[in-house]
Structures are given as C-alpha cells and as structure tokens.
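K.L.:
Below: one structure in structure tokens.
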Amino acid sequence: MKRKSQKHGPILIKGSRYSGKSSLLSRIYADASSWLDCTTFKVVRLCASTPRSAYSLELLRVLCQHVGFLSGLLDGNLPKDASFDPLYLNNWLGQILRRIEEQPMMEQLVILLDDLHRLHPLDCDIVAALSWLPLNLPPGVHLIVTTALPPEVLRLTPIQKERLRSNEILIELQDSGTDFHETENVFDTLEKLIGENAANRIGAILASTEYGLSETEILEVIMPTGGDGPLFLNEGQFNFGSWCLVRRTFNEYLKVRVMGGRLLFSWRYPIRDLARKRYFPNQETLKSYHGELANLFFSEDFEDKDDKSSPEEETPKKETPFQSRPRSQDTAYNMRHVEEAWLHLLRAGDVEKLKKLAVCAFDFLLASVQMISVSYLRCVLEHSRKYLLERDLELVYYTVRKSSDILTRDPLQLGAQLICWLRPVAEDGGDLVSRMVTAAMAWCDGYTAPLLVPLNGWLQPPLPLQIRTLSCPQGVKLVEAAPSGQHVIIIPFQGDAQLWHVMSGQLVHTFKGHSNPISCLAVTQHSQYLLTGSEDTSIIVWDMKELTLKLRIQEHIAPVLCLTSALKNSVIVSGGEDSRIIVTSLLTGDVLIKVDHHRGPVKSIRVDSAGEILVSGSSDCTVCLWCLERFTLLKSIVLPSAVTVLDVSADSVFLLAACEDQKLYLRSLATGTEVHTLRGHQGEVKSICLAKDCRRAIAGGAKGKVSVFDMHSGRLTRTLLANPSADVTAVKVTEKDDFLITASGDRVAYWSFRGEEIHAKPAKFVKEVSLHPHTAPISCLDISRDGAMAVTGGVDSLVNLWQLNTHELLSTFEGHIASVTCIAFSASGLFVASGSEDKTVRVWGLTLGLLVSTFRHQAPVTAVTSMFDGRRIVSSDRAGTIRVWAADTGTLIQSVCGPGRCFTVSSDMRYAVCGTGDNQLRIVSLGVGPEEKYQVSHSQEITCLVVTPDSQSLITGSRDMSLKVWQLAGGKLSQVLVGHTDHVTCVAVSVLDKSIVVSGSKDANLIVWDINTGSDLHTLKGHLGYVTCVKLSCDGTLAASGSEDKSLIIWDTKKGCSLSSIMLHVPVLGVEVATDMSRLALHLLEHKCMPILCLHNTPAQYVKLPDYVAPWCDTRDLRPPGRKRPNKRLLKKEVSLDSDTWHRKYGHLTSGVLTSSIEDGLQRRFSVSASMDEISKVGLTSSPSGLGPEQAALAQSQHFDQLEALWNKQSPPARPRAHGRTLSKQSSLQATRISDSEEEGVPD
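Taking numbering that gives the first Met the number 0, the leading residue of the sequence shown gets 0, the next gets one more, and so forth.
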C-alpha cells in the first residue's frame, strides 16, 4: 500500500472464515498513516456488525455521507435534491469520487470494509447490490475490502466480477487451519463454573442476540423478578455477582460493541457459531429465546398503548385537524427497538406482534426515520418482506418506498405521507393499517409547530399490480395457498407436490408418495392437512406441520378428479372418472358412503360456507346439490354443456360453472335460476374461482389471460396478462381477497387483488340531489371568501361543492353537457357561477342547490368572475367576447369589445383586465361613466397577473423574467421588478400588507418584493421544479407555493424561510387558501381528486373579508350610457420611469421653489407619472405663498415640460408670460410610449 498519483483500483482480500482477514485490516488501520507518510482519514465499516452496516443500501448511504464530509464536499447538510434511493446513492458516490479527482484532498483517505459477503441481500437493491463498489479510485483514496466468497458469487456486475479477479486487485489468503477443539471446551468450563442450567441459559442468550445486549438487558433476562427467596445457580437463576463472574472469566471470548453510548455483549467468532449449535438443537428452541428477548424490549405497555387515552380528557381542548384523543406518553420507542428488538420479533415467528409493534406501527416507523434514516427503514421493511407476505406490510413498504425522496429531506412528513397514501384504503375496523393511520393523525394533532396535514386522500393505493413471481422449472398445473399464507403448494405437470416459500422463492419440501401425476388438491380450512388426488386412483393426506404422509386412501377405481374436506374437516369428499362421489373419514380413511348418481366423470366438487351443502358438477351436464348430513339429493341443475369446473360464493348465493362450450354460467345456488352468462373472456376457460367479497369472479384461460367479472352486473371489469406464452391453469384467491394467485406455464404470480377503492358510503340525498364525486380530472377550482367551502368543476361536466373542514362532498350540480372550464364563488357565498365548453354559464344557488340562471355565449366559455356586489357576473368566451350580465336573471348588462379573455375584475368593480394571451393586456372600465381603455405590455408574453385588493395597481409577470406594476386607473407604469432568471409564472399580493408581493418563476425560486421600493426582500429556494402557483395569507406573513416537482411549501415571508412542506406526488397546477391559510385546496394535473390540506398551528392572522362591496356607482341603472365623445386630454406628457432613475438623471433640474411642493408627491407615487389632475392636488396641499392652486399647477406643468424635452432631446417649449391662463387652454403634447428596451437601457 503506497501513495499513488494516478487512478487505481481497490484491493479485494478473499479468505475463508477465521483466515485472518479482519486481523489484516486491523494492521492496515494501525499502520496506514506511517505507510502513506501523511495525515490519513480512515472510514471503517464491519459489515453486519451494526444495523447501519448490515444492509448494502444503508452501508452505501453512510459511506456517501462520511466520504463527502471528509472530502469537504458536504458541510453536514444533505444536497437539495438528496434521496436515499438506491439509484441516487449509486450515482452520488460516483459524483463524490469524481469531485475528489478534480479537487484532490490534502489528506489520504482509507476506506476499510470487512466481510462484504455478510451484507443482507434485499429486493430494494438494484439488480447488482454491490454495483456501487468502485473499480477506479482517484489519487489519495484507497479502498480495501475483505470477503469470504469469490467475486463470482458476490452480487456484482459482470464487469466488476471480471476486474476484481485480476491479480492487481484480488489477494487470496490461505486457510489457517484453526483447530476449534480448544474453543469448544469453553462451554464445558462455563458449566463447571456456574452449573449446567445457568450455563445453558446465559450461553443461549448471548448467542441469540444479533448486535449484542447491554448489561441491564442481560440482567433483566437472567435475574428472576419476583419472590424473596434465595437464588440458585443450579436452577439457572443469576444475580449481579454471577454475571460479573462470567464476564470476568470469559472476557476474551466476549465481543463488546459500543452502540448508542451502550456497551453491548455477545459471543465472539467462532464461539457464537459453536454456541448456536450447542444450545439450539431445533428451530423451536431458537424461536423461544428470540421470543423471550422480544418480550424484554416490548413490554405489555407497548401492546396496550394504542388502546390507552388520557384519563383527564377524552377530547382535545384546542382545534386540531383530526380532533384525535390525546396520546398516551407512557411508552416510547428508542434506538434499541429500532436496531435490535424488531429482529427478535421476526425470528420468533410472531407475525401479528411484529406487525402491530414494529413494521406497521407508526411510532416505530417515525423513530426509524428520525433516529437513523429512511434508507434504514426501507431495509427493515425489506428484510421483513423476505419472510412475510402480508398486505399490511406491503402497503407500508410501498408507501415508504414511494415517499423515500421527501422523507430523506424532511422526515417529519412521514405522518402526512401515510395519511395521503393509506387513508383511502384504511378500513373503519381495527386492522393495522387503520390503526397506523389513526396514530399518524394523532401525532399530527399533537404537533406544536406549523405543519401541513392532509385531511383527505387523493392517491391510488401504493401497491403494484403484481406483488411477487415464482419460477418453477417443472411447470405449474395446480396451485393452492398454504394455511400460513407464507407458503404455496404447487403441483407440477409431472411429479410430486411441492411446498414453496413465497417471498424468498425457495423450494421448502417435496411431498413424495404418488406414483402418477396429481390431478387435484385441497387444503383443509383452519387446519394443517393437505389433500392430494392422483391419476393413480389414490388420495393422500399430508401433515403440513410435520411435512409427513398421514394417510393414504384408495377407494376409487379410476383417476381422482376432484376432492374437498367437509363437516369441519372430519371427512373427505372426492369425485373421479368412475362417476362416483365417495365420502371417507379424514382420520381413519374408512368409507362412509359411495354415491353413483352422475352419468359421467365428476369434474368438480365444492362445499358451501356453512358446510351443509355439497355441490358436484359432472360431464353429464348437471350440477347436483347434496345435503351433507344425510347425503340426500336436494336439487339438480341442468346446464347446456358438460361442466369442467365450478365454484360457490362465500355467501352461498352464486354458483359459477365453466362448461365445455367455453361459456361461464352464473346461477343462483338456491333456485338454480340463471343470473348472467359472463361474456368477454376470449378462448378456452381453464380455471375459475370466486372472490371472498362475493362480487368478483375470476377466470383463467388461454394465452395467459385472466378475466375479472362483476357478478352483480355481469360485466368484464379487468383483464390481467399473466404469461402470454402459456395457458392459465389455476387461479386462486387468498384470505380476505388480499392476493390473487395465478399459475401459468412455469410461473406463479401474486397479484394485489383486494378492492382498494373504498366502496362509496351509503348514498346521501340532500334535498333529493345525489352526490357524485368526479370521475374525470378536475379542470377548475375556487374557494369561498370565508375559507369554509370549495367548489370544483370537472371534465365530467359536474360541479361539486365541498366542505373544507370535514372534507365532505356537500352538493353535486348537474346541468352542463360538456367539460366545465371555469368556476367562481360569489363574494357572499350564496351562489356559484360555472362556465363550460357547452357555451353556457350557469349560476347555482347554494342555499337550495338549484339552478338560478343560465347565460349563453356563442363559443365555449373561457373565464367567469363574480363581481363583489353579488349582482353582476363577467364572463368571456373563446371567440373573445366579454359580457357583463345580471346573476339572478341572466340579463345582459354590458358588452366589452374583444378579442380577449377576462382575467380578473378589480375589487371596486370599475375595471376589468382582459387579454389574448400575448404580451399585451387591456384595462377596460365597467358600468356607467365614460368608457376607458388602457393598454399595458411586456416585451414577451404575459404569464400571470394580479390586481391589488385596494384596486389601485395591476401587477403583471412575463416570460421576459420581469414583473411590472401598473396604475389601474390610467395604465401608467409604476415599478419594474427584476430578479428572476427565467420566466415568471405566478404572482400574489396580500390584503392587509399592501407592500408585499411574492412571485414564482420557472427558475424554481420565489422572490418576496417590496412593491414600494422595488427591492427583493427574500429569495425563497426549496422547489426542485418550476413554481406553478403561489398564494399569500391575508396578513402577508405566509406564502404557499406549488410546483412541478409535486410539492407544496409554506413560507414565512418575513424571515424568508420555509415553515412546512408536503409531497403530493402529482404536479400542482393551482392552490386556493383561506385567509389565515388554515385550509388549502389544491388543483392537481390531470387528477380527479382535490387534496384538502390543513396548516396546523398556522401563525397567520385570520382576516374576515367583506361578503359584499357596494358598487362605485349608483346601481339603479347598471347599463352604461351610449358612447360619448371623449374629453380632451389634459395630460401634457406621459413619462413612465422608476423613481430611483429619475432622481439620478433629473433631480438637479428641480427648481427650489417647486422641490418642496412635489417631493412628497413623487415619493408617494414612486414614479414620474404626472397628470394635470395630480399636479393640481400637489399644489393644493403645499403651494408656495403668492401662488394660487391653478398658478402652482401651471408652474409645475412648465417644470415638467423641461423634463419632457430633455427626455426626448428636444428644446423646451416657450414659457407663457402670464400665470393666469386657465387649464382648459393648456396645450397637450402627443404622448409617445417608452418601449421596454428604452426602460431597460437606463444606465445606473
């Protein structure tokens, strides 16, 4: 090992166990600094010795953070886009090494990884779990790895395997030939010291721990907790002195780790392996010790804590999002639960306790994410999935997996992510998912800082369609789930029955006993017996626990075709090619009855759920119903064709039979009457089954097609493609419809099958109006001024009214016949106006839920706005026509010349802002009075706009990366806001703090502006994609921004920092907020649900907005008069320039007499935008002595002429000799517009 000045490879040391690999690494660790003759940083990881080094994903995360910090590339904080996803971590390590190569370190970095082969392989890893292992290291970085397995066996890429076999990298150690006979005597010495019982107990406990036990934990296990009598070592009873004696005597054989500030004890290698062989003669003994250690960590308080509530109060005092009961604080998860305890639950085989206390417990998940990382939590869940197939575990795992990016950067979002993903599928019962979601809600309620909390769910269940796939080389003919649910019984086309573990994909056992192929199988319910029938005419009963042959029955004289258990698993009913139905005892094999009724082979047999009726189907085209107690024929149902297979629903209502004519006949079991003939399945039907929900029927057939039918409607609802190259020979549904099992060719697939869409609650009728959630994407959204309700319009032509506090659907308004394009609340909240592609605008009364009026356009409606007087509505259509009409009658009041779309109306209802989507906007006057039109523009397309609540200013944003502030009355430019580096996409203003403006841009940043000075107060950085929408609270203290990166962030505009965020997993198009931002309604891209969020503990102030604003003019006649000749302009010259530039260029021209007169006015107006009316007002307030108002105004006008002339490089006009000339005789220069390029070219 020496210093290298160029790129080089790692060092791989291969040696068998106990060959001295770890000792060699220890020597390298001690002498590396002297060998390299410089300062050396060392990173050491002992694989599988600690939880953070037990999994490839977590080991890679730790290496990235350690190496990045030591190289100076990380300052202790994660990158903005950091994610502990396997692919990101792989790329991250490569980026760090490349940066080190570009910017070499002053020190040498040595990375030591011991026992790389001991890493747990997990499915969350990418194809090659160790593909991150670098083959080329930059100068100054050295990687030494040890393993007991050759590179060919490790989970490496082909290129890695080839390179790591080279002599420059691979170093092979010879087997040391260590004799362990001496070490085996350690346990004999231990027995002589403390007795056999005590030695067995302490030896087994130290051997069963994974990472070690602290002294306190060891003493809790080995010391009796009750009784006052003496302790006897020969009975395995310890005291503190006995443990100290063992520790002192066998100190050299004990491994001591320091984890979390604790000393943890376990056996060293190879003592640990020898101890396990000696003290664990079978799996049951090992499981018992793991169960004992699990009980040590998870006391009874943990099991009962979910049912506890605070005795002082059953309901929370303050308003919270979910109004949960206060949580009990008696128990809490610590690092030992997260690192060690859950493993003992897993290895003890206590599945329910593992799910309840660990992998499906919210507190455990939160502790894992906060104390360690989300990558470690993924590894824990994946490790559990290696052994368990549980729907609850799958839901949690895929939720964490889909949320790992955001949980990397913000672990506090765990509760919100669980709620938005799993609340739609959580049932109202006591299942674990529901309890976990309830616990997440309670945690959110108890959180004291501002926190975004989802009140409803809008995401599809996170489970993939196909959960697991098994590959069976001999092919799959039949399949059946084992009673445990963790195994599956597979019948190959040729050969014996096989027992496979589902999640690990390993063959566990082969049931050998039949001499010919097996033709049918069944598993007894709530028992452990497997029944197989064969072409050798025999039936064999297998014990699933002992995996042994229990009974062989041979009563048929032809191949057995079908069988099942009945009468509480006491008898076996079988049918065969001999047309017989034979009932035999399951315990003794004695024949109870033989029935010769069918006139053809009995192809299928089923027993109803009550266990009272036997149903048999035969190739003689009949289905017979038999009473099992007396075995008498109850009914015979004749079908059009020979029966090949049949099934009975769990509620004993439906009978489904597949016949040789390739049709599926659905009959009533009680009467035999036809319900449906299920159509839609293509090709021959090979297998069928009915779901446990008594609603769905599944048929498997040719070319790998699986058809799912709704038995109530008889329609085909879904088609699955199992294996296109083979027929589906078997379909089965597991308990509770968790999974659908399909067998096709050599493949067995597990599909997510439970009806994930929660069935709609019983239909509500409000005043005879039914409720219909959106079935197509939402196209528009608005929120009431009091923040209590929201209204949505959809592509499905529905308008829905929602209660935000309870996230309930209140009303559905039906009437549009095309997509709803725009929607608006009235200020009073009494009605809603909706525009549609059907060229109509409809007004819906919210009190009675009825249609109030309809206004018709000549083209699809593009925008609708309700004026604040609650009487008028402004709407525009695609043809550019803008109409003002009465809301109650639909009577046209005013027409505004197009083309254009009405974007907004000022609060005082004097002006409307409209445009065509280009770089220009028009400000048009509304109502009585002279018609006014002003035009404002940018150099590129205008992308967003907002009118200030005081109706004084219009703020526009553009693709030219700037914002401009315009006077609404007059259309003069007041301010230019420049600071974004890409297109401006959105802008918002507050109601109370009129100086605050927040804009969002395509550069993924937001800027908080002071509209008075034009300065940017804060730049808000946090989004990873361009900002699509922004809204401010009424007091201006909070901003909410949505982005293309699928996140929503709440910002503190005063401090310039983020308060809370949430990942929505769908791009955000728009957001509407309550005045204090306590409720937020979101519009998502191409999504039919509206997320409703609560900002818990919002710091913003609630502002009650007026629900009525009186119009500025007399409303007795809202229609404007005829067109009048416009008054002669009194404006001398329009000069639009920001105030700072004006002071620098023209301040020296201001005369001393007029300076005091106009200074206050200029500061108040923030620009040089002068009209005679405004100048006159300045003169009235502070005119010099000796000058009247008109004279002062005229003097100021002359001064303005000088500025105007200088700006246009013209000579100033001649001064009038008399000051008594009236304003009406004042001449007016022709206005010339200052282009954007001239404004931008003003020098600093």
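For each residue, glycine too, the CB sits at the ideal point set by N, CA and C.
Can you look up SER15 in the DSSP assignment and give me helix, strand or coil?
P.N.:
Coil at SER15, not helix or strand.
K.L.:
Looking at SER1046 and HIS1022, is the spacing between their C-beta atoms short of 8 Å?
P.N.:
yes
K.L.:
Output needed for THR208: all residues of its chain with C-beta closer than 6 Å, excluding positions within five of it in sequence on either side, in chain order.
P.N.:
SER265
K.L.:
Measuring only the C-alpha atoms, how far is SER323 from LEU23?
P.N.:
Rounded to whole angstroms, SER323 to LEU23 spans 58 Å at the Cα level.
K.L.:
Could you check how far apart the C-beta atoms of GLU479 and ILE466 are, in whole angstroms? I think they sit under 8 Å.
P.N.:
Between ILE466 and GLU479 the Cβ distance is about 18 Å, and since that is not below 8 Å, they are no contact.
K.L.:
If you scan the segment 135–200 from start to end, which runs of the beta strand (DSSP E) of 3 or more residues do you find wholly inside it?
P.N.:
140–146 and 169–171
K.L.:
Let me know the secondary structure DSSP gives GLY290 once reduced to three states.
P.N.:
helix
K.L.:
Would you call the segment 242–262 and the segment 188–207 touching, i.e. three or more CB-CB distances under 8 Å?
P.N.:
yes
K.L.:
Which runs of the alpha helix (DSSP H), 4 residues or longer, sit entirely within the segment 370–416?
P.N.:
373–384, 390–401 and 403–408
K.L.:
Residues in its own chain within less than 6 Å of CYS1028 by CB, not counting five upstream and five downstream?
P.N.:
CYS985, GLY1041, GLY1069 and VAL1070
K.L.:
Specify, as a first and last residue, the run of the beta strand (DSSP E) that GLN919 falls within.
P.N.:
919–924
K.L.:
Under the three-state reduction of DSSP, which class applies to ASP114: helix, strand or coil?
P.N.:
Looking at ASP114 - three-state DSSP - the assignment turns out to be coil, as it is neither helix nor strand.
K.L.:
For THR1052, is the classification buried or exposed, using 16 other Cβ atoms within 10 angstroms of its Cβ as the cut-off for buried?
P.N.:
buried
K.L.:
Over the uninterrupted beta strand (DSSP E) stretch that includes ARG714, give me the two end residues.
P.N.:
714–720
K.L.:
Note down, one range per segment and in chain order, each beta strand (DSSP E) of at least 3 residues found wholly within the segment 503–552.
P.N.:
505–510, 517–522, 528–533, 538–542 and 547–552
K.L.:
Do you know offhand how far LYS354's Cα is from ALA360's?
P.N.:
7 Å
K.L.:
Rounded to whole angstroms, how far is the Cβ of CYS46 from the Cβ of GLU106, which I believe are closer than 8 Å?
P.N.:
25 Å between Cβ atoms; not a contact.
K.L.:
From ALA817 to LEU797, what does the alpha carbon distance come to, in whole angstroms?
P.N.:
9 Å
K.L.:
ASN918: buried (16+ other C-beta within 10 angstroms of its C-beta) or exposed?
P.N.:
Buried is the call here.
K.L.:
According to DSSP, simplified to helix, strand and coil, what is ALA725?
P.N.:
coil
K.L.:
Take LYS932 as the anchor and find which of ARG154, VAL946 and VAL912 has the nearest alpha-carbon.
P.N.:
Nearest option by C-alpha distance: VAL912.
K.L.:
List, from N- to C-terminal side, the alpha helix (DSSP H) runs of 4 residues or more that fit wholly inside the segment 791–859.
P.N.:
none
K.L.:
Mind checking which residues open and close the alpha helix (DSSP H) that includes HIS65?
P.N.:
55–69
K.L.:
From VAL707 to GLU836, what does the alpha carbon distance come to, in whole angstroms?
P.N.:
36 Å
K.L.:
Tell me which residue opens and which closes the alpha helix (DSSP H) that TRP242 is part of.
P.N.:
239–248
K.L.:
First and last residue of the alpha helix (DSSP H) that includes HIS343?
P.N.:
Here the alpha helix (DSSP H) through HIS343 covers 341–347.
K.L.:
Taking 8 Å as the threshold (C-beta atoms), are LEU406 and VAL373 in contact?
P.N.:
yes
K.L.:
Let me make sure I understand the geometry here. Which of PRO320, CYS378, PHE321 and ALA293 has the alpha-carbon closest to that of HIS336?
P.N.:
ALA293
K.L.:
Using C-beta distances below 6 Å, list every residue in its chain close to ARG390, excluding the 5 sequence neighbours before and after it, in chain order.
P.N.:
ASP737
K.L.:
Please tell me whether LEU632 and LEU645 are closer than 8 Å, where the distance is taken between their beta carbons.
P.N.:
no
K.L.:
Taking three-plus beta-carbon pairs below 8 Å as touching, is the segment 715–722 in contact with the segment 436–448?
P.N.:
no
K.L.:
Over what stretch of residues does the beta strand (DSSP E) that includes PRO453 continue unbroken?
P.N.:
450–453
K.L.:
Using the C-alpha atoms, what's the distance from THR774 back to LEU562?
P.N.:
45 Å
K.L.:
For ARG98, which option in VAL140, LYS254, TRP1050 and ALA649 has the closest C-alpha, if you only look at C-alpha atoms?
P.N.:
Minimum Cα distance to ARG98 is reached at VAL140.
K.L.:
Does the distance from the C-beta atom of ALA789 to that of ASP795 stay below 8 Å?
P.N.:
no
K.L.:
Once the 5 residues before and after PRO472 are set aside, which same chain residues still bring their CB inside 8 Å of it?
P.N.:
ASP745
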